[in-house]
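Asks: Residue numbers (UniProt numbering), protein chains in the order written: chain Z, 1 to 411; chain H, 1 to 411; chain U, 1 to 411; chain Y, 1 to 411.
Starting off with a structure, shown below.
Number of protein chains: 4
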Amino acid sequence: MSMDLGITKRADELRAKVRTFIDEKVLPLEDEYHSEVGKLGDRFQFTDRMTEILESLKAESKKAGLWNFWLTDSERGYGLSTVEYAYLAEEMGRSHLAAECFNCSAPDTGNMEVLERYGTDEHKKKWLAPLLEGKIRSAYVMTEPGVASSDATNIALTAELDGDEWVLNGEKYWASGAGDPRCKIFIVMTCTDKDAPRHARHSMILVERGTPGVEILRPMMVFGHDDAPHGHMHIRFTNVRVPKDNLILGVGRGFEVAQGRLGPGRIHHCMRSIGAAERALDLLCKRAMTREAFGKPLAKLGANYDIIAECRIEIEMARLLCLRAAHMMDTLGTEAAQPYISQIKVVAPRMACKVIDEAMQMHGGAGISQDFPLANMWHGQRTLRFADGPDAVHRMVIARTELKKYRSNSV
Amino acid sequence: MSMDLGITKRADELRAKVRTFIDEKVLPLEDEYHSEVGKLGDRFQFTDRMTEILESLKAESKKAGLWNFWLTDSERGYGLSTVEYAYLAEEMGRSHLAAECFNCSAPDTGNMEVLERYGTDEHKKKWLAPLLEGKIRSAYVMTEPGVASSDATNIALTAELDGDEWVLNGEKYWASGAGDPRCKIFIVMTCTDKDAPRHARHSMILVERGTPGVEILRPMMVFGHDDAPHGHMHIRFTNVRVPKDNLILGVGRGFEVAQGRLGPGRIHHCMRSIGAAERALDLLCKRAMTREAFGKPLAKLGANYDIIAECRIEIEMARLLCLRAAHMMDTLGTEAAQPYISQIKVVAPRMACKVIDEAMQMHGGAGISQDFPLANMWHGQRTLRFADGPDAVHRMVIARTELKKYRSNSV
Amino acid sequence: MSMDLGITKRADELRAKVRTFIDEKVLPLEDEYHSEVGKLGDRFQFTDRMTEILESLKAESKKAGLWNFWLTDSERGYGLSTVEYAYLAEEMGRSHLAAECFNCSAPDTGNMEVLERYGTDEHKKKWLAPLLEGKIRSAYVMTEPGVASSDATNIALTAELDGDEWVLNGEKYWASGAGDPRCKIFIVMTCTDKDAPRHARHSMILVERGTPGVEILRPMMVFGHDDAPHGHMHIRFTNVRVPKDNLILGVGRGFEVAQGRLGPGRIHHCMRSIGAAERALDLLCKRAMTREAFGKPLAKLGANYDIIAECRIEIEMARLLCLRAAHMMDTLGTEAAQPYISQIKVVAPRMACKVIDEAMQMHGGAGISQDFPLANMWHGQRTLRFADGPDAVHRMVIARTELKKYRSNSV
Amino acid sequence: MSMDLGITKRADELRAKVRTFIDEKVLPLEDEYHSEVGKLGDRFQFTDRMTEILESLKAESKKAGLWNFWLTDSERGYGLSTVEYAYLAEEMGRSHLAAECFNCSAPDTGNMEVLERYGTDEHKKKWLAPLLEGKIRSAYVMTEPGVASSDATNIALTAELDGDEWVLNGEKYWASGAGDPRCKIFIVMTCTDKDAPRHARHSMILVERGTPGVEILRPMMVFGHDDAPHGHMHIRFTNVRVPKDNLILGVGRGFEVAQGRLGPGRIHHCMRSIGAAERALDLLCKRAMTREAFGKPLAKLGANYDIIAECRIEIEMARLLCLRAAHMMDTLGTEAAQPYISQIKVVAPRMACKVIDEAMQMHGGAGISQDFPLANMWHGQRTLRFADGPDAVHRMVIARTELKKYRSNSV
């Protein structure tokens, strides 16, 4: 019944290395990287300099052993616990580029998790190995334009078996990372039997990005930004044929795969949200102490002490809730930890949005301008309130769990 | 003690015309206009098609007499009351382009107000006349990078009299509209005597945009967008020389001008915020009734009824508060109406942000994408929480007014 | 399309008289009245002094013509509009005793409304006349211990016709005012046909308080207070026989009566809530200006300006919303005004609770003690969030109205 | 860097015993105890039955070794850590009588802490020993009617040395527990030198309750309740003479004593707040599952799932924050843990108020009646937002700690 949410000695040492790496190597190059992105004509390419920056950072971190931390409880990596990883991911949340530098970025970690758990040896060899090496990237292709994302049972893109091949037809969007030219493999949620029971209709199928019939229609814009070269793509599948063996786990087991994938993926986002909130509060406090109005530092005016205190409190509570969910995953497993993960999934992006919003307000106009990262951070956190399930769905999971105590059959 | 917040017959007729014009003429061209903006290389220019769209709409509305409604209680225009104008401005808030089509857009209306009230005959002839005609545009140049915008008494750009000329030196930013090539005149807040009493240090001076020494450094980005071709520009003034007569009202009377300008300007924004919120709630409800999850329209799921009800309530309260402030301006004058204007200035953008945020959440990922105007609307409303004074300053005004009742000398 | 929410000249004159009467006559006796209540052994009686205080105040106000203002649009009273009455009721909300002094207190006004609208001549002569005179009081007997109050269609107390008499059996509680010895008549919601369509099952029947079989079981406590001598009683009906003609309007028309009654009743509460909130803000500001900590008046510390400003804003918005609903009642009638009434019913008590809570916090411990009326006021306002329909039901009404625009058949 | 917030094996065993004791012994007698209180004429006495109930429960728990758990890190008790105690105190928070049954109730635990840490051997023998035995009770006499409780430096009750005696003059109120006839000793904050530096003006002095000149003026009412026989008394001190040796720690060291006392006291309240919130959520869920409206259990209507989920989330976050503060006390000491204690002091009562409020709303009228403990629980939690420092003061402590990172000298 121990619940140690502290950082272990080894994780603390890794955290120090990760922090130093981010501060000294990543942050100084981040602005240059983003200004290169601004120069792109074809938005979903890399300039030579972008490649150089990213690959050199990855090479360096890999060499230093700061790589694939997310492989919790695995023989392939450090074998960190989820709690230990939480402390590292929080650090990565302070920078936009950091997670990728340590091969810990979404959606690859979730996709690798899927391949590791449910993939065949062939899948692992062909896709997991280069992903673990950081040589390729991947996309998770789930959401559809015609279906409410809160109820995935309606997913409609069809996959039909025709001889030795699956034939896919339909549309998907918000395929994050599918714009990246290095993205080579899609994990696609398909409907293989629309008349089956609700949770047995769907199957997860691997599709190579370049397969004929895969047509990238457009990038979805996030608050007006294409997030190039990563991209959240709208894709049409027209008679896309892939080998029968590209099926993951089994026909009608798509939801099982999705569930297994989502626990860790969700909490990794939350860990980074906490790091983002810390960065925002840091900016807020700096501004509050250095700007003056009415002859006093902003910190001393009006409700600003209260604002700072409430931000600090909310960050602390969110971090503890996140660590507790991580601890539950470590001790009870992902499935049993779902309601705890849903709790932090509701809390973390909302909290981060609030702290960033207060930081923007403290900065005045500057807070939403290019002179500070706050506007961009807010976009990212606000988006998380839909990604991996909207808040309302997570609240439903939490309430159901609560009410189970009061009736044998769930409400 | 009558307080008629209803719409008059004549305003209702105008509203019908304005609404029809927006629905039939403006909205159908809005997407094309924005896609033209997306093609701009030099961001602060107009393509021929942009000019064509805008000028033909303006010509048509001017011809139909739908022009300069904002000139309340004036012989030049309709002589609408502020309450009447509120109903028209709310309509304009539903569309991004609409206000300009009726020559009712910020910052021009505020600037014309300044010239009308405080300008010399020469100023009026040279600048007000073409502004009223919609032939040129203008910018209000107030905010500085080095000074907290909540306390304008620290504004530092200097203006020194040298013979018959004012010589200006310093930096300004967030000069909205200064990117537009049609913008010909700046109204600049300057410091003419930093040792004078707090509210007598500053003077308002007219500067032609093309005057030597005026250097546009960069556009300020609003949540990552340059808002071209309008633009919120960062400008450096280096030994900028303008005629002595470009002074407005008098030396040391800059605050008086600023106060006179801000009342109407602030409330016009709020009126449009209410229109924006109505549009967001309309989108929310449409989505809630047409999307299904778990076998039901979204409207029937979870807290959605409560969300819709709370949005409706908040819009209604904000509209009434706005109309009440407008009524106070009509009956007591702008200065006496300040605390009422501050009330709606705090409420309207916050309310609109909330309604738009709920609408985004109801749409899932689509809500923040290019397929809906919500993300863009949210940016605009969030920005208003700083523009024309941050919320905290307006709350200070309201509280001071409240507490005056309890002590003769203000706290 | 006029919407005059201002106070008319005649209402303003009445308001001045009402205010003076409350300030000079009612408030000075209120404490004494309450301390008399504290002495009661049998809690639901009057001491001689209580009777003396109340009856002399009533005699005086009746003589001054300050009586039965609530009879809006009626030939019997002033014929005030609902908007005019709102201004008077707000004044009454500042004092616990005031409404009764002007014969404007719940539940009598609603009950008189029922008798006036739906009663027979006999009902009017026997019950309405003495109620209008302030000679007796009445109770509205609706809520049942076994049924969710949010869904009145389940009301279960039975009334069966046996010859020329209705025979009632069942239990009711929260019968407000039924503890008062002057209460002579109950209006009872009964189930006359549980198999009829949902809204035709119930009938409204008049029951004299002293009828055999009516047994008052206990007072319901409101936050631990019995609200003597008024009382919110739990009552058992055992074979209670009343004449057939005691039926109001018709068999199965109970809901129609309830709906007609509730509109005005609900909004009267809301008008008084606004008066209560004004009193709380007044106390808050006085405390903030007269207490010191850290060498400054509390007003100048931390977030207190912001708190005061937000309270002022919320009161203003609620008042306008209330006046707008009143105006709708005056112009469209009670039924068409229902969604507007639901809006203010959600807003007013919640707003008042918030303002009172802030006032309590500003006072420290004193704020919840007998030295200030705030604790008692909070109890009253919090109770209103259930009374006459819980908030959630009113939000449902508002949302349904909103969504009707989007589909012909309601959701 | 371990931060184990789990429950230890020994604490888990104790918790099981405490829980069983409360469920089987305390709760069944609680209603009877309260109905005895209702019979009291002189409110600040015990009926024989009250004494019998309380003393038998205490005797039984003491015999079972369930006693003085609060003595953390002490040789006198179990030597529980603060984290371990938190789990036990949470259980006690579910019942009004429970804490006293285990000799763990306020204000005695805090007072015993003072005597243990700062008392002389004589103090310990005379007062601490019988308190530890549960033979007497005590009061902490701090707050004054004339002074803002947020700024204790203004405390004005004077103590002057006259020969071998301190002579006290002044008024105090909110002396919790001072109404209890078993209360024998007061710890009184006095001003011994109003001209000394802010934090050296005050001294803590022991005063026997029966000392001549101590006059209990009245009980302070908490939301209209006298909380008999405990009582929060208003006391006048007129030339009260006590021996010189009744001084605690030293002249001018009153603040030091107060600070040492308040850490544990504050967090004990918070631990119990969490237990209270759990009880409220339990009642809420039971009601939601057993009441029906519109043909469904309340749980399935409208926003109720969301409400339940948010309550669960807030409780979890508050518990973790509380345990973290407890852990800080265990590892860093009370003084270093102050900002963490302030965090939970802001969060716990506010959270409990919110959960209880939602539970009341789910119950309709019943929720605020004598049929459920919710109204009483709400009063208790709301009061905690002033007790031991109002929220605003704790936020100030938190903000100062945060901002220390940004400037060497505190703001």
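We put the CB at the ideal spot given by N, CA and C, even for glycine.
Note that this is a predicted model, so its numbers are computed, not measured.
Spatial neighbours of U:V397 within its chain, please: C-beta separation below 8 Å, excluding the five flanking residues on both sides.
Replies: Correct list, in chain order: Q338, P339 and S342.
Asks: With a threshold of 8 Å on Cβ separation, who are the neighbours of H:P229 within its own chain once the five nearest residues in sequence on each side are excluded?
Replies: Closer than 8 Å at Cβ, skipping near neighbours: V37, L40, R43, F44, Q45, F46, M50, G179, D180 and P181.
Asks: Do you know offhand how far H:K17's Cα is from Z:I356's?
Replies: Rounded to the nearest angstrom, the two C-alpha atoms are 42 Å apart.
Asks: Suppose you measure from the CA of Y:R312 to the CA of Z:N304; what does that come to, to the nearest Å?
Replies: Cα to Cα, the separation comes out at about 29 Å.
Asks: With DSSP as the reference, label Y:D226 as helix, strand or coil.
Replies: Here Y:D226 sits in coil by DSSP.
Asks: With a cut-off of 8 Å, does the C-beta of H:E358 fall near any C-beta of chain U?
Replies: By this cut-off, H:E358 is not an interface position.
Asks: So, under 8 Å CB-CB, Z:K58 and Z:G134 are touching, yes? Tell me the CB distance rounded to an integer number of Å.
Replies: Indeed they touch by this definition, with Cβ atoms about 5 Å apart.
Asks: Around the Cβ of U:N239, are there at least 16 other Cβ atoms within 10 angstroms (buried) or fewer (exposed)?
Replies: The residue is exposed, with fewer than 16 neighbouring Cβ atoms inside 10 Å.
Asks: H:R261: which of H:Y140, H:G65, H:T383 and H:A89 sits nearest, CA to CA?
Replies: Measuring from the Cα of H:R261, the nearest candidate turns out to be H:Y140.
Asks: Whole angstroms is fine: what's the gap from Z:E160's alpha carbon to Z:M233's?
Replies: One C-alpha to the other measures close to 23 Å.
Asks: Can Y:K25 be considered in contact with the ligand GTP, in the sense that its beta carbon sits closer than 7 Å to one or more heavy atoms?
Replies: The ligand content of the structure shown is nil, which means the ligand GTP is not present either.
Asks: How is Y:L249 classed by DSSP in three states: helix, strand or coil?
Replies: Reduced to three states, the DSSP call for Y:L249 is coil.
Asks: Quick check on the burial criterion: 16 or more other C-beta atoms within 10 angstroms. Buried or exposed for H:D306?
Replies: Classification of H:D306: buried, given that the 10 Å Cβ count is 16 or more.
Asks: Can you tell me where the beta strand (DSSP E) holding H:R10 begins and where it ends?
Replies: Careful: H:R10 lies outside any beta strand (DSSP E), inside the alpha helix (DSSP H) at K9 to F21.
Asks: Across which residues does DSSP place Z:K296 in a beta bridge pair?
Replies: The partner list for Z:K296 (beta bridge, DSSP) reads Z:A293.
Asks: Based on DSSP bridge pairs, tell me the residues matched to U:H232.
Replies: Bridge partners of U:H232: U:S176.
Asks: Could you pull out every residue in the same chain whose Cβ sits closer than 8 Å to the Cβ of Z:F386, ignoring the five residues on either side in sequence?
Replies: Excluding positions up to five away in sequence, the list reads S149.
Asks: In chain Y, what lies closer than 8 Å to Z:R407 by C-beta?
Replies: Residues of chain Y passing the Cβ test: M289.
Asks: Taking H:L332 and U:M3 to be in contact with their CB atoms under 8 Å, please state how far apart those CB atoms are, rounded to whole angstroms.
Replies: That pair is no contact at about 19 Å.
Asks: Following the continuous beta strand (DSSP E) through Z:K184, name the residue where it begins and the one where it ends.
Replies: It spans C183 to C191 - the beta strand (DSSP E) in which Z:K184 sits, taken as one unbroken run.
Asks: With distances taken Cα to Cα, identify the nearest neighbour of Z:I368 among H:R382, H:A106 and H:E208.
Replies: Checked all of H:R382, H:A106 and H:E208; the closest Cα to Z:I368 is H:R382.
Asks: Measure the Cβ-Cβ separation of U:L132 and U:H123 and say whether it is below 8 Å.
Replies: Cβ distance not < 8 Å, so U:L132 and U:H123 don't count as in contact.
Asks: Going straight from the alpha carbon of Z:M377 to that of Z:C270, what length do you get?
Replies: So the alpha carbons of these two residues sit roughly 13 Å apart.
Asks: Mind checking which residues open and close the beta strand (DSSP E) that includes Z:V141?
Replies: R137 to V141 is the extent of the beta strand (DSSP E) around Z:V141.
Asks: For chain Y, find out if any of its Cβ atoms is closer than 8 Å to the Cβ of Z:E84; answer yes or no.
Replies: With 8 Å as the cut-off, Z:E84 does not count as an interface residue toward chain Y.
Asks: Please return the same chain residues whose Cβ sits closer than 6 Å to the Cβ of U:P390, not counting the five positions on each side in sequence.
Replies: S150, listed in sequence order.
Asks: Would a C-beta distance cut-off of 8 Å place H:I216 and H:I235 closer than the cut-off?
Replies: Yes; because the gap between Cβ atoms is below 8 Å, this pair is in contact.
Asks: Taking the beta strand (DSSP E) that Z:M377 falls in, what are its first and last residues?
Replies: That residue, Z:M377, is in no beta strand (DSSP E); its alpha helix (DSSP H) goes L374 to L384.
Asks: Relative to the C-alpha of Y:Y406, which candidate in Z:A129, Z:L283 and Z:G110 has its C-alpha closest?
Replies: Considering only alpha carbons, the answer is Z:L283.
Asks: What are the residues of the region 300-329 of chain Z that lie near chain U, defined by any Cβ-Cβ distance shorter than 8 Å?
Replies: The region 300-329 of chain Z vs chain U, Cβ under 8 Å: G302, A303, Y305 and D306.
Asks: Comparing C-alpha positions only, which one of U:M204, U:A276, U:H199 and U:E60 sits nearest to U:E91?
Replies: Nearest C-alpha to U:E91: U:A276.
Asks: Would you verify that the beta carbon of Z:D12 is, or is not, closer than 8 Å to some beta carbon of chain B?
Replies: As a matter of chain content, chain B is missing from the structure shown, whose protein chains are Z, H, U and Y.
Asks: With Z:L320 and Y:L320 assumed to form a contact (beta carbons below 8 Å), what rounded beta-carbon distance in angstroms separates them?
Replies: Right, their Cβ atoms sit about 4 Å apart.
Asks: Straight-line CA distance for Z:A106 to Z:G265?
Replies: Looking at the two C-alpha atoms, the distance is approximately 7 Å.
Asks: Please classify U:P243: is it buried, with 16 or more other beta-carbons within 10 angstroms of its beta-carbon, or exposed?
Replies: Exposed.
Asks: Any beta-carbon of chain U closer than 8 Å to the one on H:E36?
Replies: Judged by the 8 Å Cβ criterion, H:E36 is not in contact with chain U.
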